[in-house]
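**Q** Each position in the sequence shown, counted from 1, maps to that position plus 331 in this note's numbering.
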Amino acid sequence: MWDDALSYIGERDVWGGQKLFGISPDARAQHLFIIGQTGTGKSTLIRNLIIQDIEKGHGVGLIDPHGDLAEDILDCIPPQRTDHVAYLNPADHEFPVGFNVLRPGTNHAPHLIASAIVGALKSIWRDSWGPRMEYILYTSIAALLECENVTILGVQRMLIDPIYRTWVIRQVRDPMVRAFWTGEFAGYDRRFLTEVIAPVQNKIGQLVMAPPIRHILGQVRSSIDIRFLMDRSRILIANLAKGKVGEDKANLLGSLLVTQFQLAALSRADIPPAQRNPFHLYVDEYHNFATDSFASILSEARKYGLSLTLAAQYTSQTRPEITNAVFGNVGTIMSFRVGEADATLLARQFGEDIQPATFTSLGNHHVVVKPLTNEGYAAPFRATTLRPIMIRSGRRNIVIARSHERFSTKREVIESRIRRWMGEPTLHVARKHTPRATTNHKKKGRH
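1) Helix, strand or coil, according to DSSP, for M489 in the structure here?
2) Provide the residue span of the alpha helix (DSSP H) that contains Y469, from first to last.
3) Going by beta-carbon coordinates alone, are I731 and L588 separated by less than 8 Å?
4) With DSSP run on the structure shown, which of helix, strand or coil describes N570?
5) Between M665 and Y617, what straight-line distance do the alpha-carbon atoms span, to the nearest angstrom?
6) Of all the options S553, A678, V539, E386, which has the alpha carbon lying nearest to the alpha carbon of Q591?
7) Who pairs with M665 in a beta bridge, going by DSSP?
8) If you draw a straight line from the alpha carbon of R574 to that of K580, how long is it in whole angstroms?
9) The beta strand (DSSP E) with A714 in it runs from where to where?
10) To the nearest angstrom, report how far apart S454 and Q349 are at their CA atoms.
11) Can you find the residues in the same chain that come closer than 7 Å, C-beta to C-beta, to R412, ignoring five residues on each side of it along the sequence?
12) My guess is that S586 and T622 are in contact by the Cβ rule of under 8 Å, so how many angstroms apart are they, rounded?
13) May I ask which residues mark the beginning and end of the alpha helix (DSSP H) holding E526?
14) Within the region 538-604, note down every full alpha helix (DSSP H) run reaching 4 residues or more, in order along the chain.
15) Do G341 and F667 have their beta-carbon atoms positioned less than 8 Å apart in this structure?
16) Of the choices G636, R718, V698, P409, whose alpha-carbon is the least far from that of D357?
17) What residues are listed by DSSP as bridge partners for Y339?
18) Determine which residues share a DSSP beta bridge with L612 and list them.
19) Closest to A360 by C-alpha separation, out of T675, N660, R378, W498, would be which residue?
20) Taking only the alpha-carbon atoms, compute the straight-line gap between F426 and P435 and give it to the nearest angstrom.
21) What's the gap between the Cα of Y519 and the Cα of G549?
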């Protein structure tokens, strides 16, 4: 008999047979880490957990860098939750979702938002990052955050368009940010200016030149309000399939989403703990989206009702400081079959009773679990995960269509608005959008 409060994982070996086991809400709040090689059963376990959360009416977020799991979950949405789903798919060129990272819908100070955005950008371009580039990016974003009707597309324009830059500076109230633009930046000679802004132009330019990313990040009005989704127990499915949008762009969107979830969670300090509805964020191949502030996300999010389930194939994909942050902050650890290097690392985490050979010899859908209970860590044990929960509504297209109505704007409408912002003539085709897309725009994201 199932206990609705538990998130069921599988069956563990006990004396005389097997016993169904799950994770309590308190343990979920302490986060979950799942590791295992491809084909060992990670996706099935994540799928089962997500389906249980959705059936319980909980808020759910999924960041999927492959796309298969995202599409599978769409097929498992029950009818009563159809209107709760926001589907972010950069490969859906005709119906982009609006995600303005300069307007996260929280009451955080601009410098915190700027730091979060710069941290996400740094995680993608770490190999070519420098202090000067970070300085220019930060001050550009900090200035834009004080303006109305702007997006991250304004960074590049601010660097090369003196008229636009003047318009922004006039609205900046922060004395240090204003002093940079009116004093230091204005004093650069032409040669030095070119040298300073070239790296930023190169990186930001790569993003804005890609229509799928430009159409998502370039919408002034965000249709996705992370705080709203969390407070109202909604569902966000981000299909960031790298093969369709490009690895760097998928990683950037994922990193920005993670930082926005962090900001939204922290902003819940303005409501009592009892009103912080639980929200479960699943991040597959989490190393692709891990910023330098990942440790603080793990340590602070739990206080505000945000629980993370992180998945990875092996730890060598992740920087050591991020791996240490995960092991130091997650509650329950589950390992499917892994290679020798990870087996040695995991054996140290699980304790002397579990040898490295245990992790390398597991069959598919078999795990070793280090569980967190209300009394602390319990002894690790072996278990078999549940078979796929067979809930398929076959309503994927209906769910996507409803998400389009609530959270998307037609591509030609977005292109027209961006052209007007850039000061270019509006093409005739851009005026042929439907009245529904125009009149419903103000309502998007608030259902």
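Idealized CB from N, CA, C, for every residue including glycine.
**A** To lay it out plainly:
1) helix
2) 462-475
3) no
4) strand
5) 15 Å
6) S553
7) I365, V700
8) Residue 574 is actually Gly in this sequence, not Arg. Roughly 11 Å separates the two Cα atoms.
9) 712-716
10) 44 Å
11) I385, I566
12) 6 Å
13) 521-539
14) 542-548, 557-562, 573-576, 578-597
15) no
16) G636
17) G353
18) G392, L639
19) N660
20) 21 Å
21) 29 Å
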